[in-house]
Every structure is written in C-alpha cells, then in structure tokens.
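Chains A and B are the protein sequences, given in the same order.
For the first sequence, the working numbering begins at 1 and goes up steadily by one.
For the second sequence, the working numbering begins at 1 and goes up steadily by one.
Built from N, CA and C at the ideal position, the CB exists for glycine as well.
Working notes, structure below.
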Amino acid sequence: MDKLAYLVDALTPMNLLLALVGVVAGIVIGAMPGLSATMAVAVLVPFTFTMDPASGLIVLGAIYTGAIYGGSYSAILVNTPGTPSAIATTFDGFPMAKRGDGALAVSLATLASVTGGLVGALMLMFLAPPLAQVALAFGPPEYFWLAVFGLTLISALSVGNLLKGMIGACLGLLLSMVGIAVIGADVRFTMGSQVLLGGINIVAGLIGLYCIPVLIDLVATRDPHLRVSSESGGFRLKEAFAITMTEKFNLVRSSLIGTIVGILPGAGGSVASLVSYSEARRSSKHPERYGTGEPGGIIATEAANNATVGGGFIPTLVLGIPGTPPDAVILGALLVQGIRIGPTLFTTQGSIVYTFIFGLIIGTLIMLPVGLLIGRYAYKSIVSIPKSALVPTIAFMTVVGSFAIHNNLNDVAVMLGLGIVGWLLNRNGYAPSPIVLGLVLGQIAEQGFVQSYLIGNAQGNVLGMFFGRPISMAIVAFAALTLFYPLIAAAIGARRARKSPTDITVESRDGRP
Amino acid sequence: MAALRKPHDVPGTALAVLFVALGIVLIIGTGRMSPLGSVFPITVSVAMIVFSLALVLRNVVLGMRAARPAASEPDAAPSETGHESTPRRLLFLLAMIAWIVLIPILGFFVSSLAAYFAIMLVATHDRTPLREGAILVLIGFAILTAFYLVMAKVLLIPMPTGLFF
C-alpha cells in the first residue's frame, strides 16, 4: 500500500504537465527519421537538472517512451522507421497505409505501444531485482544466438525467393563490418577512405534503404503517396481495439519479450521488435499474411519496443548497467541528481524510484490520447499534402536526419548511396529488409561470436561455449523452430492429408517458387 | 540451344554474379586482417558466394525449363508500367547528389532551399495554379526555416556553413 503514496506524489499537476510535455516532445522527435530516442533524451537532460529528481526523471521517462512510440508514425506513413526500434513496424505498417488503412495502423500501434509500455513499467515496479539477474545470466554466446534468432526472420521476409533474402542478409552483415572491428580493431573494407573508418551508421542505413527508394518511386508517378480509406474516417479506434483483443496473446507475449530483451544491455528495441515479430509470425494461423499488412505484425513490434523502456530501466536501476542507449543517458542524469544506483536503491531511495515508475506509467497512459491525436494529424497531413510538397519535405528530413546523427555530411552521403543501391536491388527482387536485418544484427552477432570463441578457446571447450548453456540452447531451439516451422507445418499437413483421403489439398508454405 | 534464348530473371542473375565477384574481392581483402578480425567476414563472404552461385544455377535451370512452355515467373523484377518516368527519377537523384555536394559550399540552409524547390519541380506532374504554387513555396520555406532554427538554435547542432549559411 505504501506504493500508493508514491502514486500521489507522481500525480501532482506539475508532474502531469511535465509528463504531457515530455510525451509530446518525444513523439515529435521520435517520428523524425534520424532523430532518435537517445538524442531526444540527451538533448533535454540538462533541462532536468534544475527540477527535483522525481520530476526530472518523469520528464526523461516520458520523452523516452514517447520517442520509441513516435518512431512508428514514419514507419507506417512513409516506410521509414523513425527509430531503429520501429524497423519491423514498416513490414506491415506501410502496406496497411498503402491500401488505405493508415489510420487503423496508427491506432493499432498506439494501443500496442501503450500496453507494451505498461507491461514493461509494471515489471519494473514489481519484479526489478529478480529480473535484473537475467541480465547477468546472458553472456556472449546468448547474445550471438539472439542475433541469429533475429536473422531467422529472413525466411519470413523473403517469401518467394529465400536465396535473394539470404544474399541480402549477407550483404547487410558485410556492411556492418565496415570500419574498425569491435574486437581486434582491424580496419575492414574502408577502401582506404577515412570516411568509412567509423563504419556505416545503422540509422543512416535505415533511412537510405527504406526512404530513398520510396522517394525515387514517388517522383516517377502521378499516383498519390497513400490511398485514403473511403468507407471510414477518424481513429478507427473501435476496429483497432477489436483487432487488438483478437491478438491479445500476441500482445502479451510481445510485451514480455520486449521487457526481457530490454533487460539485456545493448540488445535494445530493434532486437526486441524483430524477435517478437518473428514469434508472432511463427505462431500465427496465417503467417503468409505477415509482411503484406497484417495487424498482428504492428501489434507485436510496437508492444515489444515500448516494453523495452521499462525493461531497460531494470538493469539500469538495480545494477547500474544501462539496458539501452537512452538508459545510459538517464543513468548519467540519475548520478547528477545524487541517486545511488544499486540493489538497495528500491529501499533506500524508494520515494524517488517509485515516483519515477508511476511517472513512467502516467506518461505511457497519456500517450494514448496524445498519440492518437498526433497520429491522426500526422496521417491527415501526409494524405492531404500534395506530392510536390511531400517529396521535397521527406527528402529534407532524410538529409537532416542522417546529418544529425554525428553532425557529419559523410553519413548523408552514405545514406544516399545505400538508398540508390537499395532501390536498384529492390527493383531486381532483393528486398531491403534482409539487408537492414544484417546491418542491425551484424555487430551483435560478431561480437558475441568472437567473444564466445575466445572464452571457449581459453577454457578448452569452444563447442560447449556455444552449445552447452541452457539459455543458449533455448534460443537456438526457438530460432530453429522459427526457421523450419513452415517445413514442419507442411510435413504435418501432408501427413494429415494422407490419413484423411477427403482432404487432399495441402497448402505449401515453404516459400519455394 | 533454343532454351538459352529465354533466360530467367536476367538482372537478378547478373547481380548474383556481381555478388560472387564482391565476395571474392572481400575475401582477398581479409588477407591483411588478424585471424580474429577476418573470421566473420570470410564466413559471411563465403556464404554470400554460395547463395549467389545457387541462385545463378537455379535461374539457369529455370530459364531452360521456361523455354518450352511460357512459364510464369514468380520472382521476376517488377515491370515498369507505362506511367513511370525514369527521367524524373534521375533528376531527383541528381538534385539529391547536388544538394549534398553544395552543402559545404553554399551552407546548409541555402543549399537546402535550392534543392527543396528543385525536387518540388521534379515531383510536380500537373500544371499547378499560381495561387497553389505560391502557397506550396511558402509552406516549403516555412518548413525549412523552422527546421533550420530548431536544429541550429534549439538543439544547438553545428550546421555547416559555406558562402552563406
């Protein structure tokens, strides 16, 4: 019951106003490709130093959760994830918007984000100390297998031509190796240029591979960017709510995956959303619909990426290890405020921590009306703006967004270069998503692999390092299940068909042409 | 040899051959790296070569089969519809490249202004009434100014300057 006293502390008009302002600022910044949640939090941290610790933390938490959610707008409306966490939102969000269901997609993303955010925050409140141990149980082999699990999504993203998907993923993995190696510090594939020493930035790659091809095709035709659904207007909230209820298991599962992956330092929202998308597709009755505008895909990714907010705070507050990059910035703000991080934080400075967690919950709840309103406005704007203004505005966003990553024009050039390559490849059947998947997961996979190999080698048991740990094996089992599920399902279907002579039609979903 | 007259997915196959060559070049490039730094690039390059060769082989086999009946091509490249304009695409890319090149020369705001309106022209397919055109120009100017001010004055991002700002 003492926790309720902290709720009253969090509910002051000032804190509510700060949460509202934080959520709006976060959504707007997160919606712009290139301006990430980390940047939003980092830029606004100094403003919180003059506030009392709880209020300052509430603003930062609200900005963070708003920015992660805001990334879904540009993913749905212009096929460009506003933040890397929203990569998988483009898979089904943009196809939905293209066919006129943009408002529904935004409403679904809002409902899923709010639910995911709440699950993450509640887990933070009630289960933080025991869950923090999960972060310690994950070593390099688990990170490696987690990245491999994410890569199994290629089989889902390359329906029609798995080989091209695999080639694209290899290309993405190779792109992730450009620059100085994470282990060993070798200079790789820079072609002697200093420009590429820092590697290919993931956000610049995302903007280029997803957004530039859309713009190239937009200027070429007279057709409008998005179709407008004729039969229904408004938020389509009732419809979104009904769909969310039918996908409630997916919603809860994705929120839990998001929280758990959020706890793992360095994994972040992009891995969480890819893993939960993969799981949602595998367990769906209609996996073939994923990638063509299936609401379940949006629900899975948006619930997972917002759940990483609460999940990421668990190791940050309990162990002092930031779960995600914005957590690292917030950790700095906590230290400036004189808060001593550690397992005793919840007892010694409980008032600040619980007020902050309630603030996070309030911020997430505020996101529902605010998000729907801003989302509706964003959708209407994108639909009503004439193409002659929309194309240069999005082009400007791509330039600004990729420049703002490091205040460097090289990132802009890399963005455009990858965009042109991505368009050419896409025209010839090599989809951009596997390339992006390789680019995002490459570094995690390589670091996990090489570290595991080194540790295993030192212990004289390399194979045991990769295949002898229970968590690793569980991830491997899920990855194998995701990869081979279509084949297993087809085999089971074929067996059933043989048993039942009346049912001779077996649908093959193995993606073979 | 009539079968070879109708190859399957020529551009996709050509790109696969290119990926094989790229993989070989990258493997050669790993010669100067430490064993730890080269293990992952070599593995992934080999995988890319294997997948690309498998794709080439598959397309050659499919091409030979397709020569007999007019078989459907499930993963053929999306065909150009009559309404798509390649010159506009090229002009758009030209404007984007010029934009990036001009930023350090003219400054961020001025080059963005020029590129914005150039791209606006490329993206305009129909005659726009004068009034509507003026409104679009004003909206564009307002968007650029607002963003520039937010980036430079609020977020304190050092924007590149050249002859102008």
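* Asked: In three-state DSSP terms, what is A/Arg340?
  -> coil
* To do: Verify the CB distance criterion: does B/Asp75 have a CB-CB separation below 8 Å to chain A?
  => In this prediction, B/Asp75 has a pLDDT of 44, which is less than 50 and means its spatial position is unreliable; what the coordinates show is noted afterwards. Closer than 8 Å: yes.
* Straight-line Cα distance separating A/Arg236 from A/Ala328 -> A/Arg236 has its alpha-carbon roughly 37 Å from the corresponding atom of A/Ala328.
* Asked: Is the distance from the Cβ of A/Tyr69 to the Cβ of A/Val106 below 8 Å?
  -> Taking 8 Å as the cut-off, the beta carbon of A/Tyr69 is found no closer than this to the beta carbon of A/Val106.
* To do: Give a yes or no on contact between the segment 38-50 of chain B and the segment 194-213 of chain A, applying the rule of three or more CB pairs nearer than 8 Å.
  => no
* Neighbour-count burial assignment, A/Met125, 16 or more Cβ in a 10 Å radius -> buried
* Give the residues of chain A in contact with B/Leu155, contact being defined as C-beta atoms less than 7 Å apart. => The answer, in chain order, is Val43.
* To do: Would you kindly report the start and end of the unbroken alpha helix (DSSP H) that includes A/Val370?
  => Gly350 to Ser384
* Asked: In this structure, what does DSSP give as the bridge partners for A/Leu188?
  -> Note that residue 188 of chain A is Arg in the sequence shown here, rather than Leu. In the DSSP output, where bridge partners are listed per residue, A/Arg188 has A/Gly179.
* Which bits of chain A does B/Pro129 rub up against, with CB to CB less than 9 Å? -> Near B/Pro129 there are no residues of chain A at all, since even the closest Cβ is about 12 Å away, more than 9 Å.
* Asked: With distances taken between CB atoms, is the gap from A/Pro84 to A/Val309 smaller than 8 Å?
  -> no
* Are the CB atoms of B/Phe117 and B/Phe165 nearer to each other than 8 Å? -> Taking 8 Å as the cut-off, the Cβ atoms of B/Phe117 and B/Phe165 do not count as close.
* Mind listing the chain B neighbours of A/Phe189? Cutoff is C-beta to C-beta under 8 Å, in chain order. => Within chain B, the residues near A/Phe189 are Leu26, Gly29 and Pro41.
* To do: Would you mind telling me which residues of chain A sit closer than 9 Å to B/Met64, beta carbon to beta carbon, in chain order?
  => Simply none; closest approach about 15 Å.
* **Segment contact flag, the segment 443-455 of chain A with the segment 141-157 of chain A, C-beta cutoff 8 Å, min 3 pairs** => yes
* Which two residues bound the contiguous alpha helix (DSSP H) that contains A/His406? -> Lys387 to His406
* Asked: Do you know offhand how far A/Ile87's Cα is from B/Ile24's?
  -> Cα-Cα distance, rounded: 31 Å.
* For the segment 267-282 of chain A against the segment 249-258 of chain A, are there 3 or more C-beta pairs whose distance is under 8 Å? -> yes
* A/Leu197, buried or exposed, once every other Cβ within 10 Å from all chains shown has been counted against 16 -> Classification of A/Leu197: exposed, given that the 10 Å Cβ count is below 16.
* Under 7 Å from the C-beta of B/Val122: neighbouring residues of chain A -> Those within 7 Å of B/Val122 in chain A are Val219.
* Asked: Using a Cβ cut-off of 7 Å, which residues of the segment 450-472 of chain A contact any Cβ in chain B, in chain order?
  -> Val450
* **Every unbroken alpha helix (DSSP H) within the segment 234-287 of chain A, with a cutoff of 4 residues, ordered by chain** => 237-246, 248-263 and 268-283
* Cross-chain neighbours of B/Gly37 in chain A, by beta carbon under 7 Å -> Among the residues of chain A, those whose CB is under 7 Å from the CB of B/Gly37 are Ala181, Gly184, Asp186 and Arg188, following chain order.
* Cβ distance (whole Å) where A/Asn15 is taken to contact B/Pro11 below 8 Å -> Between B/Pro11 and A/Asn15 the Cβ distance is about 58 Å, and since that is not below 8 Å, they are no contact.
* Find out if the Cβ-Cβ distance for the pair B/Ile28, A/Ala404 is shorter than 8 Å. => no
* For A/Gly22 and A/Ala333, believed in contact at Cβ under 8 Å, the rounded distance -> Not really, about 13 Å apart at Cβ, beyond 8 Å.
* **Neighbourhood of A/Ser113 by C-beta, 6 Å cutoff - its chain only, sequence neighbours within 5 removed** => Tyr69, Glu302 and Asn306
* Mind pulling the chain A residues with CB within less than 7 Å of B/Val44? -> Cys170, Leu173 and Leu174
* Asked: How far does the alpha helix (DSSP H) with A/Asn201 in it reach, from first residue to last?
  -> No alpha helix (DSSP H) contains A/Asn201, which DSSP labels as neither H nor E.
* **Cα-Cα separation, B/Ala115 to B/Trp99** => 6 Å
* Beta-carbon separation of A/Leu7 and A/Phe313 under 8 Å? -> no
* Just the Cα atoms here: how many angstroms apart are B/Leu53 and A/Leu368? -> 50 Å
* Asked: What residue range is occupied by the uninterrupted alpha helix (DSSP H) comprising A/Val45?
  -> Ala37 to Thr48
* If you follow the alpha helix (DSSP H) that A/Thr221 is part of, which residue opens it and which one closes it? -> Per DSSP, A/Thr221 belongs to no alpha helix (DSSP H) and is neither H nor E.
* Quick one: which chain B residues come within Cβ less than 7 Å of A/Val400? -> Per Cβ cutoff of 7 Å: Phe147 and Met151.
* So which residues on chain A does B/Ile100 lean against when the C-beta distance must stay under 7 Å? -> Leu409, Val412, Ala413 and Leu416
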